[in-house]
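Engineer: Sequential numbering of the sequence shown, starting at 32, is according to our numbering.
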Amino acid sequence: TVFKFTNSFTNRDKTVGGLLAASGFDDQSCLSRYRTGLYRRNTPHRPSRHLVQRLRSHESLQKRCGPGTDPYQKAVEQLRFGQSSTIDQDCNYLVWISYRGLGNRILTVASAFLYSLLTNRVLLVDRGEDIDDLFCEPFPGTSWFLPLDFPLKDKLANFSITSEESYGNMIKNKVSVDKANYVYLHLDHAYNDNDKLFFCEEDQRTIQNARWLIIRSDVYFVPSLFLNSLFVDELNQLFPEKDMVFHHLGRYLFHPTNAVWGLITRYYDSYMAKADEKVGIQIRVFEAKLDPPLLDQIISCTQSEGLLPQTVSHEIKLPKTNPKTKAVLFTSLSMEYYEHIRSMYWEKPTSSGEIVSVFQPSYEGYQQSGNKDHDRKAWAEMYLLSLTDKLVTSSWSTFGYVAQGLGGLKPWIIVKPENQSMPYPHCRRDVSMDPCFHSPPNYDCKKKELTDTGNLVPHIRRCEDINWGVKIV
Ligand code: GDP
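1. Report, in whole angstroms, the separation of the C-beta atoms of Asp-161 and Lys-447, which I expect to be a contact under 8 Å.
2. Between His-286 and Phe-166, how many whole angstroms is the CB-CB distance? I'm expecting something under 8 Å.
3. Within the same chain, show all residues whose beta-carbon is closer than 7 Å to that of Val-504, passing over the 5 residues directly before and after it, in chain order.
4. Assuming Gly-311 contacts Thr-150 under a Cβ cut-off of 8 Å, what Cβ separation, rounded to an integer in Å, is found between them?
5. Counting only runs of 4+ residues fully inside the region 285-355, write out the alpha helix (DSSP H) ranges in chain order.
6. Quick one: measure Cβ to Cβ for Tyr-302 and Ala-358, integer angstroms, because I've assumed they're closer than 8 Å.
7. Tell me the DSSP secondary structure of Glu-495 in three-state form.
8. Does Phe-361 pass the burial test, meaning 16 or more other C-beta atoms within 10 Å, or should it be called exposed?
9. I'd like to check one pair, Leu-416 with Gln-313: are the Cβ atoms closer than 7 Å?
10. Since Lys-421 is in the beta strand (DSSP E), which residue starts that stretch and which ends it?
11. Starting from His-217, follow the beta strand (DSSP E) in both directions and report where the run begins and ends.
12. As an exercise, report each continuous beta strand (DSSP E) stretch of at least 3 residues that is fully enclosed by the region 444-496, in chain order.
13. Please state whether DSSP places Asn-123 in a helix, a strand or coil.
14. Since I believe Phe-468 is in contact with Pro-254 (beta carbons under 8 Å), could you give me their beta-carbon distance rounded to a whole number of angstroms?
15. Threshold first: 3 residues or longer. Then list the beta strand (DSSP E) segments lying entirely within the region 149-220, N to C.
16. Given a cut-off of 7 Å, decide if Tyr-299 and Pro-392 are closer than it, judged by their beta-carbon atoms.
17. Taking 6 Å as the line, does the beta carbon of Ala-409 fall inside it for any heavy atom of the ligand GDP?
18. By Cβ distance, which residues of its chain are closer than 7 Å to Cys-343, with the 5 residues on each side in sequence left out?
19. Residue range of the alpha helix (DSSP H) that Ile-238 falls in?
20. Quick one: is Gln-235 buried, meaning 16 or more other Cβ sit within 10 Å of its Cβ, or exposed?
21. What are the boundary residues of the beta strand (DSSP E) that includes Ile-386?
22. Can you tell me the Cα-Cα spacing of Gln-352 and Arg-152, whole angstroms?
23. Please identify the residue among Leu-338, Ser-248 and Thr-237 whose C-alpha is closest to the C-alpha of Ala-221.
24. Are there any heavy atoms of the ligand GDP lying less than 6 Å away from the beta-carbon of Phe-430, as far as the coordinates show?
25. According to DSSP, is Thr-46 helix, strand or coil?
26. Taking the alpha-carbon positions, what's the Lys-502 to Asp-58 distance?
27. Does DSSP classify Ser-382 as helix, strand or coil?
28. Give the range of the beta strand (DSSP E) segment to which Leu-244 is assigned.
29. So, under 8 Å CB-CB, Tyr-124 and Leu-244 are touching, yes? Tell me the CB distance rounded to an integer number of Å.
30. Looking at Pro-182 and Arg-111, is the spacing between their C-beta atoms short of 7 Å?
31. Taking 7 Å as the cut-off, decide whether the C-beta atoms of Pro-171 and Ala-53 are in contact.
32. First and last residue of the beta strand (DSSP E) that includes Lys-94?
33. Which same chain residues, not among the five before or five after Leu-62, have their C-beta less than 6 Å away from its C-beta?
34. Measuring CA to CA, which of Tyr-251, Asp-180 and Ala-211 is closest to Glu-195?
35. Is Thr-362 near the ligand GDP, with its Cβ less than 6 Å from a heavy atom?
Written out as structure tokens, the structure reads:
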């Protein structure tokens, strides 16, 4: 069908307040790009002018130095054979390796993109099994996908904490970055003290000399960039509202491909569009078995926080006027929780007279990252959760972080039960919408000693769901 923008849908909505380039894309090949505004509540958070300008200049860099260009060819030769004198000094690269579950991948692409924006590097994204099946190109007139004939393509899967090309091991073995054809950045949650030096000023100066950086990470490492004095001024200009980093970068970078957009829009139009209020509940099942306290916890949290109405055991008279409707979107690998709560609102009336409809798009049973159909559903569900008015998420889950960040929502987090006993409080309101960095370095680069990264500046605090993690508030 041919899509027509209505009169009330302005160019500003189409470009998400200027975040997206208004031209340079083929509209039909990525329908979601300019149509999210038809599904999202208007965000009160506008991107800063500086961010918009920097995104446009970064797009030019990606186009000028990206795959298929002369500078890219020369840089690839340098990667293969060492130094080349004719090289374009302004074209430096960051290659992101596809790694872990989809939520982790989305958060690390966003982190890598911010780092490439701060250091003027072209970001190239490894497709892994299915990244190009899930996301459209974010930069006009070029491709961010790592070319299939990239010289180190077959090595990407093998980089690890022991790779001698890692920055940490180069320090340990006293190898000079200037002499290396590339540097591997090991920013996995289980990294060592030398790898963690990536976050220090002095080391950043050194790393800047590498033409090629290759990064493997499974964590949202943005908060620690805010603690590096080389980046702080620029970050303050880019994000005057600090906890908006993922909110803006996520909306800028991640546009569902047409196949995923179909999953999103068909579901939204069928189950969510007409409801007066939409509540999202993300239940991340880390262990396969049903945890009885968790069900009680979900009911108790949602009802005591006023997200879902209480039920009563007697029939009540419905108000004459149209009763309020509430659409409750569950997402989970298992169906038990959703089934129970759906039955609860069928078997008993609500004290408020509200009509509650409960649904869940899929129950995949177990994590199957890298399986195309499975990942498409996971991406569609994160996106659908981000379209709700109120969101409940599970502790520790990057899946939930993506939904809250894209949606601009401060979620209620279900506190992780321990030893099968009900935790109290049952849930906590998050302090900001930005994701949690699960493994901050906790190192003071100046004093060269251990420190609590959550205690250095007021806008970086320990997370509500993982108390050794930190987040921007
Ligand atoms: P995290 O492990 O919770 O931090 O989130 P990730 O997204 O990184 O990895 C979990 C993966 O398990 C997802 O990407 C999906 O593949 C799968 N998964 C977990 N929860 C759900 C869910 O509610 N719906 C769907 N469709 N998949 C899920």
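Beta carbons are placed, not taken as given, at the ideal position from N, Cα and C, and that holds for glycine.
Structural biologist: Reading it off the structure:
1. So it is not a contact: roughly 30 Å between Cβ atoms.
2. Rounded to the nearest angstrom, the Cβ distance from His-286 to Phe-166 is 6 Å, consistent with a contact under 8 Å.
3. Asp-274, Val-462, Ser-463, His-490 and Arg-492.
4. Not really, about 35 Å apart at Cβ, beyond 8 Å.
5. Runs of the alpha helix (DSSP H) lying entirely within the region 285-355, each at least 4 residues long, are 289-298 and 323-335 in chain order.
6. Their Cβ separation, rounded to whole angstroms, is 6 Å, which keeps Tyr-302 and Ala-358 in contact under 8 Å.
7. Correct three-state label for Glu-495: coil.
8. Phe-361 is buried by the Cβ-count criterion.
9. Yes; because the gap between Cβ atoms is below 7 Å, this pair is in contact.
10. Here the beta strand (DSSP E) through Lys-421 covers 421-425.
11. Per DSSP, His-217 belongs to the beta strand (DSSP E) from 214-218.
12. Inside the region 444-496, DSSP marks whole beta strand (DSSP E) runs of 3 or more residues at positions 458-460 and 491-493, from first to last along the chain.
13. Looking at Asn-123 - three-state DSSP - the assignment turns out to be strand.
14. About 5 Å separates the two Cβ atoms, so the contact holds.
15. Qualifying beta strand (DSSP E) stretches, in chain order: 152-156 and 214-218.
16. With respect to Tyr-299, Pro-392 sits apart: the two C-beta atoms are not nearer than 7 Å.
17. The nearest non-hydrogen atom of the ligand GDP is less than 6 Å from the C-beta of Ala-409.
18. Looking at the sequence provided, one finds Val at residue 343 rather than Cys. Short of 7 Å from the beta carbon of Val-343, and not among the five residues preceding or following it, lie these beta carbons of its own chain, in chain order: Lys-379, Pro-380 and Ser-382.
19. Taken as a continuous stretch (DSSP letters only), the alpha helix (DSSP H) holding Ile-238 covers 232-238.
20. Buried, because 16 or more other Cβ atoms sit within 10 Å of the Cβ of Gln-235.
21. Bounds of the beta strand (DSSP E) holding Ile-386 are 386-390.
22. Here the sequence assigns Thr to residue 352, which means Gln is not the residue at that position. If I take the Cα positions, the gap works out to 59 Å.
23. If you compare the alpha carbons of Leu-338, Ser-248 and Thr-237 with that of Ala-221, the shortest gap goes to Ser-248.
24. Remark: the shortest separation between the CB of Phe-430 and any heavy atom of the ligand GDP falls under 6 Å.
25. Thr-46 falls in the coil class under three-state DSSP.
26. Rounded to whole angstroms, the separation of the alpha carbons of Asp-58 and Lys-502 is 36 Å.
27. In this structure, Ser-382 counts as coil in the three-state DSSP scheme.
28. That run of the beta strand (DSSP E) goes 243-248.
29. That belief holds up - the Cβ atoms of Tyr-124 and Leu-244 are roughly 7 Å apart, short of 8 Å.
30. Against a cut-off of 7 Å, the Cβ pair of Pro-182 and Arg-111 comes out as a contact.
31. No.
32. Counting along the chain, Lys-94 falls outside any beta strand (DSSP E), though it belongs to the alpha helix (DSSP H) covering 80-96.
33. So the qualifying residues of the chain are Asn-289 and Trp-292.
34. Cα-wise, what sits closest to Glu-195 is Ala-211.
35. For the ligand GDP, at least one heavy atom lies less than 6 Å from the Cβ of Thr-362.
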